[in-house]
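Trainee: Protein chains in written order, with my numbering: chain D, 1 to 271; chain F, 1001 to 1266; chain C, 2001 to 2264.
Got a structure here, written out as structure tokens. Questions coming.
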């Protein structure tokens, strides 16, 4: 039994993975390594910029500090209010549009695969284009301002909201719905009395979650002309008013933290 | 780093395998001792069963020995060292000589059976071997042998979470043996198992440790199982030792002292 | 997401909370729209603009020199995304483990958590602005900004996954006398690795998407190309870029799905 004795049979060997698994992984590692090496070698980094990076960073914070609070009421406060309105209005718009698309995507509501696919495509496409890029579009169309920002937030949120809404609708249990169908209720009643009570918690939770994200996003939309805090930041940066930029960053930080706490509280209450 | 061939009988360096516990005390909350001044000598061979009601500190005692729990005061002399004061590398080297079998098996569920057994060598092999799963060939072979010994020779490449409770505990035993321990601790190894499997597991522990002359300390709430396999019984009540003797000497009055009350004996 | 409330059958009473809620919502929408100066006329004018805008976008510009620009921008974005994922991952695994309160001492865990929260708070775009100021225009600022975003995201998930794992399995490995690193490798990693791989795949995906962003503020990559095209009113080229971003993101989603299966 002891391994001190010379084993009569060759030592049994053990490998963690089968040959195919190992080859697959080796290939993957090779590709990953190649991609990383390629990125390192070809990326354009200007070394001269790097030398004074620490100094520039120190300089950056030195200019931001002390924060110039006197700017809060004349400039930053209106921008903050605008940002919150953009986020909220954008979320409401998004939820309305997403509800329509979600009904289109949910296979237990819309029985046509073609319509399902169209709905799905709308969800993927709106989500793939970032809200900032949407903002660029809408600024080009409607001019700079809150309208462009609101529409950008709304468009980008459709994908996210619609995806989770459609999943919630598909998760709805058939029982209560079949009971309504059997009683001869018209389609709209089935939707309101059969699906809505089941989807409601998910609906509220998704909306609040998205609102939280949208507050963060709307705070930067202004950098491309979408209104709100980003616009104040952009102005400050363009004028090299770093103490003012520091104030905007501070306000964004506070807003993000507060909305996160708020949404956590609200969600724990309603769910 | 010591991947040398394991020894089967008395510790090769001739050091005794006995464990001397003196005045061991443990308080999780200050002023509320779970172990009160426990002194106990475990001979360098044979199976010692610790019996007693739950919450009496049996588990704490066992966990103090390999320092999964740090004792508040007292000493535990094992192979010339006081386990209670060891730290860092010295503690790890002491731990690798002490195998442990757990109540809920505590296998790493996403690893395969053989990987779980090889975990027993982690105190010996360098980190890179664990990372690449390149354990020394002698260790791998011995892991297979141990799996054969516990009757799981065909399960080496199954994931641990696919096994039944009894099978998992067998892997746990193989993992403990894989450490070449000079002492095996078993913390309620059978409480999650059915009676027949419990018996088999106890027999397996007693036999495999007996063959190698490894002393075993088992926490067990089933008095009959303890009596059946132990060479010595230690009875605990409220953090103190109230009985210490051979199974034959364990009488009803002792059980009364250990478990208190009377009704349950009928 | 089914609620028990759905079981309760009601005889269809008017749902007053819902009606009041909808009314409040409608009033808010009107009020907010007024505040934000969103008016129907502006909207109609915009639609008119939009028509011209769309007509200038079609057909997308696939001319040779534009494709070269597109290719260069895309490659740089890809490099930014890869490097940010590599750095982000390399920092996130140890940081995430350090932030898990069940394996890391409390002061270290809290310090790690604070750092992660800081990384998560600011939008990548804002972080990019700061890095552009610190290290100058170009890809490096983009890489750093996305690295920060990745760290904030993956570390948090790794920390959560680690706190959810079974400590009993870790304890058993520790009891064998394994060193701290061996405990991590054999006790902790098997439990969190499958999810970690998923996080990396997701992160590569999201970095690819976001690398189109950081370019807008000087972080290099396809975002820079896109921003320039907008400024030059090259709307047909804009469409080309947007189409290729969507295509790349979709390919990325397929690839990351494949990667997840390989490491299941």
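Quick reminder that beta carbons are idealized off the backbone N, C-alpha and C, glycines included.
What is the residue span of the beta strand (DSSP E) that residue 1234 of chain F lies within?
Mentor: The count along the second chain starts at 1 and reaches residue 1234 of chain F at position 234. First-last of the beta strand (DSSP E) with residue 1234 of chain F: 1232 to 1237.
Trainee: When the cut-off is 9 angstroms and only beta carbons count, does residue 2075 of chain C lie next to chain F?
Mentor: In the third chain, residue 2075 of chain C corresponds to position 75, counting from 1. Output row for residue 2075 of chain C: interface = no.
Trainee: So what's residue 2207 of chain C in DSSP terms, helix, strand or just coil?
Mentor: Walking along the third chain from the start, residue 2207 of chain C turns up at place 207. Helix, per DSSP.
Trainee: Which runs of the beta strand (DSSP E) fall wholly inside the segment 1183 to 1226 of chain F and span at least 3 residues, in chain order?
Mentor: Taking only runs of at least 3 residues, the beta strand (DSSP E) segments lying wholly in the segment 1183 to 1226 of chain F are 1183 to 1187, 1216 to 1219.
Trainee: Measuring CB atoms only, is the segment 2215 to 2225 of chain C touching the segment 2064 to 2084 of chain C, in the sense that at least three cross pairs come out at less than 8 angstroms?
Mentor: yes
Trainee: In chain C, what lies closer than 9 angstroms to residue 216 of chain D by C-beta?
Mentor: Working through the first chain from its first residue, we reach residue 216 of chain D at position 216. Under the 9 angstroms cutoff, chain C gives 2121, 2122, 2123.
Trainee: Cβ closer than 7 angstroms: which chain C residues qualify as neighbours of residue 1123 of chain F?
Mentor: Within the second chain, residue 1123 of chain F is the residue found at index 123, counting from 1. Within 7 angstroms Cβ-Cβ: 2176, 2177, 2178.
Trainee: I think residue 2086 of chain C touches residue 36 of chain D, with their Cβ atoms under 8 angstroms apart; what is that distance to the nearest whole Å?
Mentor: By one-based count along the third chain, residue 2086 of chain C stands at place 86. By one-based count along the first chain, residue 36 of chain D stands at place 36. Beta-carbon to beta-carbon, residue 2086 of chain C and residue 36 of chain D are separated by about 6 angstroms, close enough to satisfy the 8 angstroms threshold.
Trainee: Taking C-beta pairs closer than 8 angstroms, name the residues in chain C that residue 1256 of chain F reaches, listed in chain order.
Mentor: Taking the first residue of the second chain as 1, we reach residue 1256 of chain F at position 256. By Cβ distance, chain C contributes nothing, its closest Cβ being about 34 angstroms from residue 1256 of chain F, past 8 angstroms.
Trainee: Counting only beta-carbon atoms, is residue 1975 of chain C nearer than 9 angstroms to chain F?
Mentor: Past the boundaries of the shown model lies residue 1975 of chain C; chain C is included only from 2001 to 2264, so the question cannot be answered.
Trainee: Would you mind telling me which residues of chain C sit closer than 9 angstroms to residue 1106 of chain F, beta carbon to beta carbon, in chain order?
Mentor: Here residue 1106 of chain F is taken as the residue at index 106 of the second chain, counted from 1. The answer, in chain order, is 2166, 2168, 2169, 2170, 2171, 2172, 2173, 2175.
Trainee: For residue 1055 of chain F, count neighbouring Cβ atoms within 10 angstroms of its own Cβ and tell me buried if that reaches 16, exposed if not.
Mentor: As a position in the second chain, residue 1055 of chain F is number 55, starting the count at 1. By the 10 Å Cβ count, residue 1055 of chain F comes out exposed.
Trainee: Check whether the Cβ atoms of residue 1090 of chain F and residue 1081 of chain F lie closer than 9 angstroms to each other.
Mentor: Translated into positions along the second chain, residue 1090 of chain F becomes position 90. Translated into positions along the second chain, residue 1081 of chain F becomes position 81. Cβ distance < 9 angstroms, so residue 1090 of chain F and residue 1081 of chain F count as in contact.
Trainee: CA-CA distance, residue 2030 of chain C and residue 89 of chain D?
Mentor: On the third chain, position 30 is the one that residue 2030 of chain C refers to. On the first chain, position 89 is the one that residue 89 of chain D refers to. Taking the straight line joining both Cα atoms gives about 10 angstroms.
Trainee: With a 10 Å radius around its C-beta and 16 neighbouring C-beta atoms as the bar for buried, classify residue 2250 of chain C as buried or exposed.
Mentor: In the third chain, residue 2250 of chain C corresponds to position 250, counting from 1. Flag for residue 2250 of chain C reads exposed.
Trainee: State the Cα-Cα distance for the pair residue 2048 of chain C and residue 2067 of chain C, rounded to the nearest angstrom.
Mentor: Mapped onto the third chain, residue 2048 of chain C falls at position 48. Mapped onto the third chain, residue 2067 of chain C falls at position 67. The straight-line gap from Cα to Cα measures roughly 30 angstroms.
Trainee: When the Cα of residue 1246 of chain F is compared with those of F:1239, F:1240, F:1254, which residue comes out closest?
Mentor: Taking the second chain and counting its residues from 1, one reaches residue 1246 of chain F at position 246. Residue 1246 of chain F has its Cα closest to that of F:1254, out of F:1239, F:1240, F:1254.
Trainee: Counting C-beta neighbours from all protein chains within 10 Å, is the total for residue 41 of chain D 16 or more, i.e. buried, or is it exposed?
Mentor: If you number the first chain from 1, residue 41 of chain D lands on position 41. Classification for residue 41 of chain D: exposed.
Trainee: Among D:106, D:82, D:116, D:256, which one has its Cα closest to the Cα of residue 212 of chain D?
Mentor: Taking the first residue of the first chain as 1, we reach residue 212 of chain D at position 212. Out of D:106, D:82, D:116, D:256, D:256 has the C-alpha closest to the C-alpha of residue 212 of chain D.
Trainee: Per the contact definition of three or more C-beta pairs closer than 8 angstroms, is the segment 1116 to 1125 of chain F in contact with the segment 2202 to 2211 of chain C?
Mentor: They do not touch, by the three-pair rule.
Trainee: Start and end of the alpha helix (DSSP H) containing residue 18 of chain D?
Mentor: Here residue 18 of chain D corresponds to residue number 18 of the first chain, with the count starting at 1. Per DSSP, residue 18 of chain D belongs to no alpha helix (DSSP H) and is neither H nor E.
Trainee: Determine the extent of the beta strand (DSSP E) in which residue 1032 of chain F is found, giving its start and end residues.
Mentor: Locating residue 1032 of chain F in the second chain gives position 32, where the first residue counts as 1. Its beta strand (DSSP E) spans residues 1032 to 1042.
Trainee: Start and end of the alpha helix (DSSP H) containing residue 2077 of chain C?
Mentor: Counted from its first residue, the third chain places residue 2077 of chain C at position 77. Per DSSP, residue 2077 of chain C belongs to the alpha helix (DSSP H) from 2064 to 2099.
Trainee: According to DSSP, residue 1078 of chain F sits in a beta bridge with which residue or residues?
Mentor: Working through the second chain from its first residue, we reach residue 1078 of chain F at position 78. Within the DSSP bridge table, the entry for residue 1078 of chain F names F:1019, F:1081 as partners.
Trainee: For a test of the three-state rule: what should DSSP assign to residue 82 of chain D, helix, strand or coil?
Mentor: Position 82 of the first chain, counted from the first residue, corresponds to residue 82 of chain D. Three-state result, residue 82 of chain D: helix.
Trainee: Just the Cα atoms here: how many angstroms apart are residue 2050 of chain C and residue 2135 of chain C?
Mentor: In the third chain, counting from the first residue as 1, residue 2050 of chain C sits at position 50. In the third chain, counting from the first residue as 1, residue 2135 of chain C sits at position 135. Whole-angstrom Cα-Cα distance: 38 angstroms.
Trainee: Within 9 angstroms (strictly less), CB to CB, does residue 1247 of chain F reach chain C?
Mentor: As a working note, residue 1247 of chain F is residue 247 in the second chain. Chain C contact via Cβ: absent.
Trainee: With distances taken from CA atoms, which of D:172, D:225, D:240 is nearest residue 86 of chain D?
Mentor: The residue labelled residue 86 of chain D in the question sits at position 86 within the first chain. With distances taken between Cα atoms, residue 86 of chain D lies closest to D:225.
Trainee: Would you decide whether residue 217 of chain D is buried or exposed? Buried here means 16 or more other CB atoms lie within 10 Å of its CB.
Mentor: Residue numbering aside, residue 217 of chain D sits at position 217 when the first chain is read from its first letter. Burial call: buried.
Trainee: Is any beta-carbon of chain F found at less than 9 angstroms from that of residue 14 of chain D?
Mentor: The residue labelled residue 14 of chain D in the question sits at position 14 within the first chain. At least one chain F Cβ lies under 9 angstroms of residue 14 of chain D.
Trainee: Straight-line CA distance for residue 1019 of chain F to residue 1104 of chain F?
Mentor: Here residue 1019 of chain F is taken as the residue at index 19 of the second chain, counted from 1. Here residue 1104 of chain F is taken as the residue at index 104 of the second chain, counted from 1. One C-alpha to the other measures close to 25 angstroms.
Trainee: Can you tell me whether residue 2165 of chain C is helix, strand or coil according to DSSP?
Mentor: Within the third chain, numbered from 1, the residue matching residue 2165 of chain C stands at position 165. Looking at residue 2165 of chain C - three-state DSSP - the assignment turns out to be coil, as it is neither helix nor strand.
Trainee: May I ask you to verify whether the segment 2145 to 2155 of chain C touches the segment 1084 to 1100 of chain F, counting CB pairs closer than 8 angstroms and requiring at least 3?
Mentor: no
Trainee: Compile a chain-ordered list of the residues in the segment 139 to 164 of chain D whose CB is closer than 8 angstroms to at least one CB of chain C.
Mentor: 140, 141, 142, 143, 145, 146, 147, 150
Trainee: DSSP on residue 1164 of chain F, reduced to helix/strand/coil?
Mentor: Residue numbering aside, residue 1164 of chain F sits at position 164 when the second chain is read from its first letter. Three-state DSSP puts residue 1164 of chain F in coil, outside helix and strand.
Trainee: For residue 1101 of chain F, which residues does DSSP report across the bridge?
Mentor: By 1-based counting over the second chain, the position of residue 1101 of chain F is 101. The partner list for residue 1101 of chain F (beta bridge, DSSP) reads F:1186.
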